[in-house]
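Take the sequence shown: its position 46, counted from the start at 1, is 138 in the numbering used here, and no numbers get skipped.
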Amino acid sequence: MMKKFGQRLWTGWQKRRRWQKTLIILALLVAVIGTTIYQWVFAGLPQIDALNAGMALPSTRIYDRQGRLLYQIADPNTGVNQV
């Protein structure tokens, strides 16, 4: 009787240990895949400081049907931008 009880405890411990190993391996795999995807997506993005320097918005021009300029909206900070 005592041998069966000890055997059950040992078997339960083995199962728990197997699940722990599986979960650790799965967590490491998810971490590696997540890091790889993060690097793949965000590696080519410019630095935040460089974003403002290169973001000169073009002026807005509104034309009529014949192609005559009706109205021009210029950025107050940069003025009229030629495209």
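Even glycine gets a Cβ: it sits at the ideal position worked out from N, Cα and C.
Cβ separation of residue i and residue j, assumed to be a contact under 8 Å, to the nearest whole Å
i	j	result
R153	Q164	5 Å
S151	A166	5 Å
Completely contained alpha helix (DSSP H) runs for the stretch 104-164, where each covers 4 or more residues: 140-145
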